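Asker: Mind having a look at this structure? Questions to follow.
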Amino acid sequence: MRRFRPLCCFSLLLPLAGCGTTDPRFAGRREYIGRAGADGAEVLPRDGAPPWDHVSYWDGDGAAGNPRIKINLNEQRAYFYKGGDLLGVSTVATGREGYGTPSGKFKVVQKNIDHASNLYGDYVDAAGNVVKKDVDVRKDRKPPGTTFRGAPMPYFLRIHGGVGMHAGFLPGYPASHGCIRLPQHMAANFFNEVQVGTPVEVIN
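As structure tokens, this is what we get:
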């Protein structure tokens, strides 16, 4: 099994950073990493990898050692370590302006593979049709005859208050309400390899 040390990982990522003209995140254009489905969930190609994601990789299956995660807000990347080895890197989308993702040292306090938000989502009618989308239940009044349907947050790893890591839509820049969104295939990898109590460090 391959093992990537941080130095090796850095050398691998350097060529990627040099390919700015082929990666729309570095080309001055807004492109989407994945796309949103009707319910806001990410829709992926068959291989599970979002288009334009030339950053994410995974080599952590079955690796020995204690896991830990580091999230770099400036880089918009998450790093997965086990036993001191860097075994995974994922592009992320963290909190947008006004909803900043908190920095600091945390631990995974909850795992929920089928989590849904209790604050953000849609108001839907009895048939499940969206009547009012992208609502905040604290601010948006519920139309008569509707119910609240929370935004899906698959592979949720709670780290602080209402903030956690989960699969979600990545537009290529900070865009969440404070959570750390990952491509679905990477969120699943992180979820499967950590336990409650796993250290998570968020840095600027």
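Per this note's numbering, the sequence shown starts with residue 603, numbered consecutively.
Glycine residues also receive a C-beta, built at the ideal position from the N, C-alpha and C atoms.
These numbers were taken from a predicted model, which means no experiment stands behind them.
Taking C-beta to C-beta, are D655 and P785 nearer than 9 Å?
Answerer: Contact: yes.
Asker: Which of the three DSSP states, helix, strand or coil, is assigned to A769?
Answerer: It is a strand residue.
Asker: P669: buried (16+ other C-beta within 10 angstroms of its C-beta) or exposed?
Answerer: Counting Cβ neighbours within 10 Å, P669 comes out buried, since at least 16 surround it.
Asker: Can you tell me the Cα-Cα spacing of Q797 and A789, whole angstroms?
Answerer: C-alpha separation (whole angstroms): 14 Å.
Asker: With a threshold of 8 Å, are at least 3 pairs of Cβ atoms found where one atom belongs to the stretch 687-696 and the other to the stretch 768-785?
Answerer: Cβ pair count under 8 Å is three or more, so yes.
Asker: Could you tell me whether the Cβ atoms of P801 and K684 are closer together than 9 Å?
Answerer: No, these two residues do not count as a Cβ contact at 9 Å.
Asker: Please return the same chain residues whose Cβ sits closer than 6 Å to the Cβ of G667, not counting the five positions on each side in sequence.
Answerer: Within the same chain, G667 has close Cβ partners K684, G685.
Asker: Apart from the five residues just before and just after G799, which ones in its own chain have a Cβ nearer than 6 Å to its Cβ?
Answerer: Hits under 6 Å: K709.
Asker: Relative to the C-alpha of V804, which residue among S705, G752, I715, V711 is closest?
Answerer: Minimum Cα distance to V804 is reached at S705.
Asker: Do you know offhand how far P776's Cα is from Y722's?
Answerer: Taking the straight line from one Cα to the other gives about 17 Å.
Asker: I believe Y681 touches V691 by the beta-carbon criterion, under 8 Å. Please report the beta-carbon distance rounded to the nearest angstrom.
Answerer: With 8 Å as the limit, Y681 and V691 qualify as a contact, their Cβ atoms being about 6 Å apart.
Asker: Tell me where the alpha helix (DSSP H) around H787 begins and ends.
Answerer: 786-795 is the span of the alpha helix (DSSP H), which, as asked, contains H787.
Asker: Restricting to Cα atoms, I'd like to know which of Y659, A665, Q678 is closest to P773.
Answerer: Among Y659, A665, Q678, the Cα nearest to that of P773 belongs to Q678.
Asker: If you follow the beta strand (DSSP E) that P704 is in, where does it begin and where does it stop?
Answerer: Per DSSP, P704 belongs to no beta strand (DSSP E) and is neither H nor E.
Asker: Give, in chain order, every unbroken run of the beta strand (DSSP E) that is at least 3 residues long and sits entirely within the stretch 721-757.
Answerer: Entirely contained in the stretch 721-757, the beta strand (DSSP E) runs reaching 3 residues are, in chain order, 732-738.
Asker: DSSP on T800, reduced to helix/strand/coil?
Answerer: Coil at T800, not helix or strand.
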